[in-house]
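A.B. asks: One structure coming up, written as structure tokens, with questions to follow.
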Amino acid sequence: MLYDNVYILSDIFHRFLLDHPELQEGADAATEVDLMQRFEDWLDCETDVTDLSHKATLLQLVSSYEALMEVRDTLTTSTGL
1448 MLYDNVYILS DIFHRFLLDH PELQEGADAA TEVDLMQRFE DWLDCETDVT DLSHKATLLQ
1508 LVSSYEALME VRDTLTTSTG L
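Position one of the sequence shown corresponds to residue 1448 (the working numbering), numbered consecutively onward.
Structure, rendered in structure tokens:
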């Protein structure tokens, strides 16, 4: 059951990234993006997720993704890759 929930929630987040190509890898790092707000707006419009625990898990995914992208940008900038 847990595996199914994680898979479905990950799929929802993946669909969000596909709907917003400007947020994917290779996008202009200078573009200021409020990822969390965009995701919440998208979630309300595009999905029927109503369970609060599922929404909280999805928001944690977004937060982790933001942190990962910040680390990537820092490493890319400092190493020149």
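For every residue, glycine included, the Cβ atom is placed at its ideal position computed from N, Cα and C.
Starting from GLU1487 and walking both ways along the alpha helix (DSSP H), at which residues does that stretch end?
C.D. replies: Counting along the chain, the alpha helix (DSSP H) containing GLU1487 begins and ends at 1482-1493.
A.B. asks: Would LEU1456 and PHE1486 qualify as a contact pair, given that the criterion is a beta-carbon distance under 9 Å?
C.D. replies: No.
A.B. asks: Let me make sure I understand the geometry here. Which of ASP1451, LEU1482, GLU1517 has the alpha-carbon closest to that of PHE1463?
C.D. replies: Considering only alpha carbons, the answer is LEU1482.
A.B. asks: May I have the straight-line CA-CA distance separating LEU1470 from PHE1460, to the nearest angstrom?
C.D. replies: C-alpha separation (whole angstroms): 12 Å.
A.B. asks: Tell me whether LEU1499 is buried or exposed, calling it buried when 16 or more other Cβ atoms sit within 10 Å of its Cβ.
C.D. replies: Exposed.
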